[in-house]
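A.B. asks: Could you have a look at this structure, given as structure tokens, before my questions?
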Amino acid sequence: MDTQEKIINILKNQDKVKIKVSDHGLILKLSSKKIINYKQITENIYSLTTDGYDIIQNGSPEYNYMKGDLKIEKSVGFNNAMKKGWIKLENGLVKKIVADIKDELKENLLKIKNCEGFDMKIVSNDILKELLRRKLIEKKKVIYYEISKGENFLKEDKNLETDILCEMIGKSFNLKDYNWNTLGILPLNGALHPLNKIKDEFRNIFLEMGFEEMNTRKYVESSFWNFDSLFQPQNHPSREAHDTFFIKNPKYSTFPEEYGKKVKKIHEDGDFGSLGYGYGWSEEEASKNILRTHTTAISAQYLYNLKKLEIKLFSIDRVFRNEHVDATHLAEFHQVEGLIAGKNLNLKHLLGILSQFFKKLGIEKLKFKPAYNPYTEPSVEVFAFHPKLKKYIEIGNSGIFRPEMIKPMGLDCSVIAWGLSLERPAMIKYGIKNIRQLFGHGVDFDYIRKNNICYF
Ligand code: FB9
Numbered sequence: 010m011d012t013q014e015k016i017i018n019i020l021k022n023q024d025k026v027k028i029k030v031s032d033h034g035l036i037l038k039l040s041s042k043k044i045i046n047y048k049q050i051t052e053n054i055y056s057l058t059t060d061g062y063d064i065i066q067n068g069s070p071e072y073n074y075m076k077g078d079l080k081i082e083k084s085v086g087f088n089n090a091m092k093k094g095w096i097k098l099e100n101g102l103v104k105k106i107v108a109d110i111k112d113e114l115k116e117n118l119l120k121i122k123n124c125e126g127f128d129m130k131i132v133s134n135d136i137l138k139e140l141l142r143r144k145l146i147e148k149k150k151v152i153y154y155e156i157s158k159g160e161n162f163l164k165e166d167k168n169l170e171t172d173i174l175c176e177m178i179g180k181s182f183n184l185k186d187y188n189w190n191t192l193g194i195l196p197l198n199g200a201l202h203p204l205n206k207i208k209d210e211f212r213n214i215f216l217e218m219g220f221e222e223m224n225t226r227k228y229v230e231s232s233f234w235n236f237d238s239l240f241q242p243q244n245h246p247s248r249e250a251h252d253t254f255f256i257k258n259p260k261y262s263t264f265p266e267e268y269g270k271k272v273k274k275i276h277e278d279g280d281f282g283s284l285g286y287g288y289g290w291s292e293e294e295a296s297k298n299i300l301r302t303h304t305t306a307i308s309a310q311y312l313y314n315l316k317k318l319e320i321k322l323f324s325i326d327r328v329f330r331n332e333h334v335d336a337t338h339l340a341e342f343h344q345v346e347g348l349i350a351g352k353n354l355n356l357k358h359l360l361g362i363l364s365q366f367f368k369k370l371g372i373e374k375l376k377f378k379p380a381y382n383p384y385t386e387p388s389v390e391v392f393a394f395h396p397k398l399k400k401y402i403e404i405g406n407s408g409i410f411r412p413e414m415i416k417p418m419g420l421d422c423s424v425i426a427w428g429l430s431l432e433r434p435a436m437i438k439y440g441i442k443n444i445r446q447l448f449g450h451g452v453d454f455d456y457i458r459k460n461n462i463c464y465f
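Quick note: the sequence shown uses the numbering used here, first residue 10, plus one each step.
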């Protein structure tokens, strides 16, 4: 039983107790938790020295002298017997005065030994002085505690138990079994958003395939870079306000003048063997600022500024479309885009890089379907077999940028490119039904914190 248990058990049977406790910290701990009240008492206690124990064992020198032949001698016994008035000297002889001698010294030492020093009133102060003088006892200061029940006495206090055990660890007492199954308290730390985890996965795939990341931190683009430079005609429905967010202020921005003339020409009259669209291209329309509807607006600027004819670029960032929102569509999403510029790249290169890219995502069962994009020809939609849905689902779009886009930039190369979103794979991977659980102001922080790691 440890000290704490002793104290508790004692107080269960009495209101107050005076005890000697070496562990002052324990008393403070119990008191701070209002389990006990205590008053500290400092008392002198006496304990026998070796000489004191020798007297108990063999009797006092004066008593033993009296049992002898009472000669005059220089001894402690003779001197003390004279002091105690047990003997006197007469005509050069020792004369016994007291008939019935008791070894009072030994009796007093026994009293002190037997009362464990608790109650010193058991012998008089004079006696104590004599015993101290003769170094038969020694005095110690001892701290006692007068302990009584506190207001929280016997109330459950888990923390106390742990604290006390920490104080007392290392002493021999019976510890309760350690609960190896208990879990630590989860620290309240930050957590990566699921989309960022998916984004990192895609980024790593591009990087290990030798792609460089484009700087896409510019949400507002001119219609010129977002549409016109991609040979997307100014009367294309996707350029309408019901599909695109136009910026009121600043309403316009500029673009390179000489390049603009080439774009104007390719739209109106065609060039490089293309017939063009045959409409009046408007510089004012091309200058209107919008929220970019795809990251290809950035890709076009990188290609325009290309200093070499072979490069692999990628980007993963937000794009904005003024479309109907529902459980799986918001007015924005994160586009993933990859492109490769090189000499004589063709459809087999495109299908090959798509197969390699999606294989790294664990998807090998692919189907490619001819599609249409204003700025790619041929265009290809990518489908993958979904093992749970037991059907093919669309997982991306791709194509070879048209000459009407590449040639006005002055590039003598071909460019293959593809795109997909972050939200769709994230919703599939994490089994999310409503995109608002994943993105937007209503996202649950607890969900983010508990969201699993992401790997493909
Ligand atoms: O992401 C899409 N689907 C998808 C992707 C991955 C996936 O699982 C991961 C592998 C583990 C599951 C699904 N899609 C593209 C297909 C559909 O979801 C589609 O309904 C929605 N699309 C978005 C556009 O919708 C307005 C996804 C988005 C998209 C579509 C096309 C492009 C980019 C994003 C593009 C492009 C492009 C084409 C040619 C040249 C350059 C870029």
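Even glycine gets a Cβ: it sits at the ideal position worked out from N, Cα and C. Remember, it's a predicted structure, so these values are computed and weren't measured experimentally.
Look up F448 in the DSSP assignment and say whether it is helix, strand or coil.
C.D. replies: coil
A.B. asks: Please name the residue or residues paired with S388 in a DSSP beta bridge.
C.D. replies: A380, G408
A.B. asks: Give me the residue from G361, A380, H333, K321 with the minimum Cα distance to E222.
C.D. replies: K321
A.B. asks: Ends of the beta strand (DSSP E) at L57?
C.D. replies: 45 to 57
A.B. asks: Where does V473 sit, in a helix, a strand or coil, going by DSSP?
C.D. replies: Because the chain here runs from 10 to 465, residue 473 falls outside it and cannot be looked at.
A.B. asks: Since P412 and S283 should fall inside the 8 Å C-beta cutoff, what is the C-beta to C-beta distance between them, to a whole number of angstroms?
C.D. replies: 7 Å
A.B. asks: Using the Cα positions of I9 and V334, report the straight-line distance between them to the nearest angstrom.
C.D. replies: Past the boundaries of the shown model lies residue 9; the chain is included only from 10 to 465, so the question cannot be answered.
A.B. asks: Jot down the residue ranges of each uninterrupted alpha helix (DSSP H) in the region 253 to 295, minimum 4 residues, whole runs only, in chain order.
C.D. replies: 266 to 277, 292 to 295
A.B. asks: Does the Cβ of W427 lie closer than 7 Å to at least one heavy atom of the ligand FB9?
C.D. replies: yes
A.B. asks: Between the beta-carbon of A393 and the beta-carbon of I372, is there less than 8 Å?
C.D. replies: yes
A.B. asks: For R445, which residues from the same chain have a beta carbon less than 7 Å from its beta carbon, with the 5 sequence-adjacent residues on both sides left out?
C.D. replies: G451
A.B. asks: Would you grab the beta carbon distance between S231 and A295 for me? Rounded to a whole angstrom, and I think it's under 8 Å.
C.D. replies: 7 Å
A.B. asks: Any heavy atom of the ligand FB9 inside 7 Å of the beta-carbon of Q344?
C.D. replies: yes
A.B. asks: Could you check how far apart the C-beta atoms of I136 and N123 are, in whole angstroms? I think they sit under 8 Å.
C.D. replies: With a Cβ gap of about 15 Å, I136 and N123 do not count as contacting.
A.B. asks: Taking contact to mean at least 3 C-beta pairs separated by less than 8 Å, is the region 347 to 362 in contact with the region 452 to 465?
C.D. replies: Segment contact: the region 347 to 362 against the region 452 to 465, fewer than three CB-CB distances shorter than 8 Å; contact not assigned.
A.B. asks: Do G351 and the ligand FB9 come close, with the Cβ less than 7 Å from some heavy atom?
C.D. replies: no
A.B. asks: Alpha carbon to alpha carbon, how far is R433 from N198? Give it in angstroms, no decimals.
C.D. replies: 27 Å
A.B. asks: Going along the chain, which residues of its own chain have a beta-carbon closer than 8 Å to the beta-carbon of K115, five neighbours each way excluded?
C.D. replies: I64, I65, G68, S69, Y72.
A.B. asks: Taking S157 as the reference, give the member of T12, I45, V389, N443 with the closest Cα.
C.D. replies: I45
A.B. asks: Since I believe I110 is in contact with I473 (beta carbons under 8 Å), could you give me their beta-carbon distance rounded to a whole number of angstroms?
C.D. replies: It is not possible to answer for residue 473, since the shown part of the chain is limited to 10 through 465.
A.B. asks: Of all the options K376, I106, T58, which has the alpha carbon lying nearest to the alpha carbon of S407?
C.D. replies: For the residues K376, I106, T58, the minimum Cα distance to S407 belongs to K376.
A.B. asks: Locate the beta strand (DSSP E) running through V30, then write down its first and last residues.
C.D. replies: No beta strand (DSSP E) contains V30, which DSSP labels as neither H nor E.
A.B. asks: Helix, strand or coil for K357 per DSSP?
C.D. replies: The three-state secondary structure of K357, taken from DSSP, is helix.
A.B. asks: From which residue to which residue does the alpha helix (DSSP H) around L300 run?
C.D. replies: It is not in any alpha helix (DSSP H) - L300 instead sits in the beta strand (DSSP E) that spans 298 to 300.
A.B. asks: Using only the alpha-carbon positions, how far apart do L359 and S262 sit?
C.D. replies: Their Cα atoms are separated by approximately 34 Å.
A.B. asks: With a CB to CB cut of under 6 Å and the five nearest residues on each side skipped, what residues in its chain are close to F162?
C.D. replies: I44
A.B. asks: Is any non-hydrogen atom of the ligand FB9 found closer than 7 Å to the C-beta of F323, if you look at the structure I gave you?
C.D. replies: no
A.B. asks: When DSSP builds the beta bridges, which residues end up paired with A393?
C.D. replies: L375, I402
A.B. asks: Which residues mark the beginning and the end of the alpha helix (DSSP H) in which H234 is found?
C.D. replies: Position check: residue 234 holds Trp in this sequence, whereas His was assumed. Element bounds for W234: 232 to 235.
A.B. asks: The beta strand (DSSP E) with F342 in it runs from where to where?
C.D. replies: Unbroken beta strand (DSSP E) run through F342: 341 to 351.
A.B. asks: Assign Q241 to one of two classes, buried (16 or more other C-beta atoms within 10 Å of its C-beta) or exposed (fewer than that).
C.D. replies: Buried: at least 16 other Cβ atoms inside 10 Å.
A.B. asks: Strictly under 8 Å for the Cβ-Cβ distance: is G451 near chain B by that measure?
C.D. replies: No chain B appears in the structure shown, which is made up of a single protein chain.
A.B. asks: Only counting the same chain, and skipping five residues up and downstream in sequence, which positions put a Cβ closer than 6 Å to that of I19?
C.D. replies: V26
A.B. asks: Grab me the residues of Q23's own chain with a C-beta within less than 8 Å of its C-beta, minus the 5 sequence neighbours each way, in chain order.
C.D. replies: none
A.B. asks: How many angstroms separate the CA atom of G347 from the CA atom of I307?
C.D. replies: 12 Å
A.B. asks: Report all residues from its chain with a CB closer than 8 Å to the CB of N298; omit the five preceding and five following residues, and keep chain order.
C.D. replies: V229, E230, S231, S232, F255, I256, P259, K260, Y261, S262
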